[in-house]
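In the working numbering, the protein residues as written are 182 to 721. Virtual Cβ for every residue (Gly too), placed ideally from N, Cα, C. For clarity, every value in this text was computed on a predicted model and none was experimentally measured.
Take a look at the structure:
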């Protein structure tokens with residue numbers, strides 16, 4: 182997840198001693214990429230040199246102007262004018278007014294609007310995926326796949342719009358009905374991180390909408406163009422259906438906007454995706470007002486390979502989970518535990534696989550590995566490698582910055598020889614560093630899996646049926662995602678996504694995650710002429 186050292190939703194660069202890259206004076210910036218012929222397609226998404234970062238039925242913004250950069254070359258793409266506090270206040274007011282309209286629309290009709298949003302995204306999937314690749318830095322196939330994930334959750338939400346509801350329960354009293362009624366919470370604030378700038382918003386937005394909520398989105402400052410482009414697509418659907426645009430509002434901004442959302446009693450639910458450190462601050466601010474929060478925070482995920490594991494599954498799974506998105510997924514594998522009988526063989530195979538990774542511009546279809554998102558992330562990577570060495574680790578592959586190209590490229594890295602409980606191992610580093618360990622038995626390695634503070638994703642590779650069900654059971658993995666013979670990354674939208682412990686406990690996407698976006702009432706209806714009391718109490 183997004184590693185932030187202090188206030189809510191400020192990128193790490195914002196706190197460095199150097200000026201943050203998006204705050205550089207215009208005079209010192211080279212020509213914007215959006216003005217170069219090869220990037221003219223950006224204008225097909227409604228983007229221009231300077232973009233308004235506030236939407237509440239109309240576009241505006243009176244805050245600071247920032248510039249977003251391409252991680253592959255650190256060239257400026259375009260500018261975005263962020264929200265001021267006054268913009269935020271106006272947007273919340275309009276969003277709550279829009280809820281008065283949206284909540285009256287039947288859920289299946291709301292589902293129809295979400296279906297149209299999914300179709301509109303599908304029509305722009307390649308070009309929007311290209312923007313994700315350009316501004317976030319992930320490879321093109323992952324950028325397009327992220328937009329596809331939003332499309333998929335829209336499809337899922339359409340069906341869900343005809344199924345949400347509570348049970349009718351048997352009453353102990355004659356001529357009484359006992360029902361469970363579910364209603365929308367109202368205004369859902371959504372704060373997302375740079376690493377999944379489309380999909381995580383989609384998980385929240387599509388489900389929240391069919392439940393009858395309106396949404397207020399604040400994306401990461403470094404992916405503001407993506408936030409603007411997605412909102413423009415949604416706004417067109419709402420406009421075509423003569424619905425208030427503020428149903429899906431946007432306030433691009435930094436710590437001031439994020440803090441305002443956390444403290445605002447008018448925000449009935451705040452969904453936050455980011456680091457554990459900042460998530461804790463958000464949770465405390467929301468709890469201070471007895472509000473509701475949905476937290477998707479850090480992950481220090483492990484893959485375990487037992488002696489009977491199919492190595493033809495273990496090696497590509499570890500490769501994808503550790504290197505995919507340049508190690509910047511919340512579900513990235515950061516620890517690999519291998520039974521002592523297969524350790525050396527797997528490490529050797531991994532080193533060969535790492536050597537074949539195609540590094541390059543993320544929008545090149547032949548590339549599998551792109552840059553880190555920021556220069557600060559590169560510094561964090563290098564610092565973690567040095568700390569691993571000091572704590573006794575041996576870098577058997579990678580460990581350095583890629584110097585022969587511009588941009589924020591680092592070598593995917595494998596480290597062996599550390600203790601399972603070394604300080605650096607228990608620190609989630611948002612970078613492609615895989616720590617590899619030997620283990621002797623099941624009890625030992627299950628305990629090692631669970632000893633970190635986070636509890637997001639985990640996976641074992643084995644053919645032992647008893648071991649599989651022990652892993653899934655109460656004494657197995659303590660994570661929210663517990664896999665067998667697949668990587669830690671790549672969750673499907675049909676299941677609830679989230680984790681335990683310092684990962685925050687929130688659940689998004691499928692299963693019954695929709696319940697977090699609603700409030701429930703237990704309703705007892707007496708349709709008789711008598712007044713029997715529960716538990717047989719007589720009061721006369």
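Check whether residue i and residue j have beta carbons under 8 Å apart
| i | j | result |
| --- | --- | --- |
| residue 401 | residue 236 | no |
| residue 480 | residue 653 | no |
| residue 425 | residue 264 | no |
| residue 457 | residue 672 | no |
| residue 543 | residue 590 | no |
| residue 695 | residue 341 | yes |
| residue 729 | residue 593 | Here the chain comprises residues numbered 182 to 721, so residue 729 is not present and cannot be evaluated. |
| residue 335 | residue 699 | no |
| residue 473 | residue 322 | no |
| residue 499 | residue 483 | no |
| residue 122 | residue 216 | There is no way to answer for residue 122, as the model of the chain reaches only from 182 to 721. |
| residue 368 | residue 411 | no |
| residue 582 | residue 559 | yes |
| residue 655 | residue 354 | no |
| residue 226 | residue 349 | no |
| residue 362 | residue 701 | yes |
Status (buried if at least 16 other CB within 10 Å, exposed otherwise) for residue i
| i | result |
| --- | --- |
| residue 209 | The pLDDT assigned to residue 209 is 41, lower than 50, so where the model puts this residue is not dependable, and the model offers no usable value. |
| residue 547 | exposed |
| residue 496 | buried |
| residue 507 | buried |
| residue 344 | exposed |
| residue 296 | buried |
| residue 703 | exposed |
| residue 445 | buried |
| residue 421 | exposed |
| residue 526 | exposed |
| residue 276 | buried |
| residue 625 | exposed |
| residue 302 | buried |
| residue 462 | buried |
| residue 442 | buried |
| residue 584 | exposed |
| residue 557 | buried |
| residue 708 | exposed |
| residue 282 | exposed |
| residue 677 | buried |
| residue 471 | exposed |
| residue 207 | Interpretation of residue 207 is limited by its pLDDT of 42, a score under 50 that renders its predicted location unreliable; no figure is taken from the coordinates. |
Minimum C-alpha distance to residue i - residue among the options
| i | options | result |
| --- | --- | --- |
| residue 374 | 435, 254 and 229 | 435 |
| residue 397 | 386, 351 and 360 | 386 |
| residue 706 | 276, 352, 217 and 661 | 352 |
| residue 606 | 244, 583, 631 and 465 | 631 |
| residue 219 | 523, 509, 549 and 312 | 312 |
| residue 550 | 492, 229, 509 and 244 | 509 |
| residue 329 | 381, 593 and 361 | 381 |
| residue 233 | 485, 413 and 475 | 413 |
| residue 423 | 466, 666 and 238 | 238 |
| residue 332 | 287, 358 and 379 | 379 |
| residue 464 | 686, 715 and 300 | 686 |
| residue 306 | 292, 319, 318 and 327 | 327 |
| residue 540 | 627, 319 and 677 | 319 |
| residue 274 | 364, 348 and 447 | 447 |
| residue 289 | 270, 251, 339 and 581 | 339 |
| residue 439 | 454, 427, 262 and 428 | 454 |
| residue 505 | 478, 530, 538 and 529 | 538 |
Residue i - containing alpha helix (DSSP H), residue span
| i | result |
| --- | --- |
| residue 496 | 492-504 |
| residue 419 | 405-421 |
| residue 622 | Neither: residue 622 is in no alpha helix (DSSP H) and is coded neither H nor E. |
| residue 695 | Element bounds for residue 695: n/a, residue is neither H nor E. |
| residue 269 | 266-283 |
| residue 649 | 646-653 |
| residue 368 | Per DSSP, residue 368 belongs to no alpha helix (DSSP H); it is in the beta strand (DSSP E), 368-372. |
| residue 662 | Looking at the DSSP string, residue 662 is not in any alpha helix (DSSP H); the run it does join, the beta strand (DSSP E), is 662-665. |
Enclosing beta strand (DSSP E) for residue i [first to last residue]
| i | result |
| --- | --- |
| residue 473 | 473-477 |
| residue 528 | Note, residue 528: premise wrong, no beta strand (DSSP E); alpha helix (DSSP H) at 524-536. |
| residue 260 | 256-262 |
| residue 397 | 395-399 |
| residue 440 | Careful: residue 440 lies outside any beta strand (DSSP E), inside the alpha helix (DSSP H) at 436-444. |
| residue 325 | It is not in any beta strand (DSSP E) - residue 325 instead sits in the alpha helix (DSSP H) that spans 321-341. |
- Query: Just checking, does the segment 506-521 make contact with the segment 603-619 on the three C-beta pairs under 8 Å criterion?
  - Reply: yes
- Given 8 Å as the limit, is there contact between the segment 659-669 and the segment 608-615, that is, 3 or more CB pairs closer than that? no
- Message: So, does the segment 404-413 touch the segment 309-328, judging by three or more C-beta pairs under 8 Å?
- Response: yes
- Message: Does the contact criterion of 3 or more C-beta pairs under 8 Å hold for the segment 232-250 versus the segment 429-443?
- Response: yes
- Query: For the 8 Å Cβ check, are there 3 or more pairs between the segment 485-494 and the segment 636-650?
  - Reply: yes
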